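In the working numbering, the protein residues as written are 22 to 278.
Just so you know, even glycine gets a beta-carbon here, dropped at the ideal spot from N, CA and C.
Predicted model only: the values in this text are computed from it and were never measured.
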């Protein structure tokens, strides 16, 4: 069962950089640079239905804060036990999330489910991560794989299927893409990002980690609506800009008590 979404905001004035102006304004035009000093990290699992539902929010954030924040997605693998145990159960989840919660005009397709895999669906995530090695650090490949799975019902748990979908979407050499997806380097990256996800003491995907140049961090886990994210990002950007303005007018005395 899906746990309740969580939000956690950490604000430690003792962690502030000693030289605020250097931390948030390394070039001319300090106020503009201050607004760039924020990072939004999105943790996802390619087959997660909630990650499918949150994609419009991800797009809205990137559009709203273009030029003011850095955006990055990372894989956070689900444990085998997190996946449904049958197509019937998967469809029940889809009716709840898509119909009751999101009120979507379409229902997701559970055709990707394979009982024989017993929750082992690393392939689509490894292929999405491998795309970075070919210049695809954006959303194109992972979204193509997710669409093939939860909209078309393709069995992307099969490495060959996931590779074929991504290779077509990115016009990539399928053999080279598969070799990368099955490499130790890509597996290590996916395992590392998954460990990072759990290090934030969360377990729900999608998750968003917001960090800024003055040491603030906000953690959102399981939320799909944009409003709480926007409110927090706006507040963090405002605080960062205020610190930059203060640094421009006053001598620095180090970190705040």
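In this structure, residue 175 and residue 113 do not form a Cβ contact; the two beta carbons are roughly 21 Å apart against a cut-off of 8 Å. Under DSSP, residue 242 shares a beta bridge with 27 and 228. Relative to the Cα of residue 119, the nearest Cα in the group 234, 75 and 213 belongs to 75. DSSP places residue 180 inside the alpha helix (DSSP H), whose first and last residues are 180–191. Annotated as distal: residue 96 and residue 204, with beta-carbon spacing of 8 Å or more. If you check the CB distance, residue 58 and residue 261 come in under 8 Å. Burial state of residue 78 is buried, judged by a 10 Å Cβ sphere holding 16 or more other Cβ atoms. Taking the Cα positions, residue 121 is about 16 Å away from residue 110. In its chain, beyond the 5 residues on either side, 59 and 61 have a beta carbon closer than 6 Å to the beta carbon of residue 90. Assigned with DSSP and collapsed to three states, residue 217 falls in helix. DSSP, reduced to helix, strand and coil, places residue 264 within a helical segment of the structure shown.
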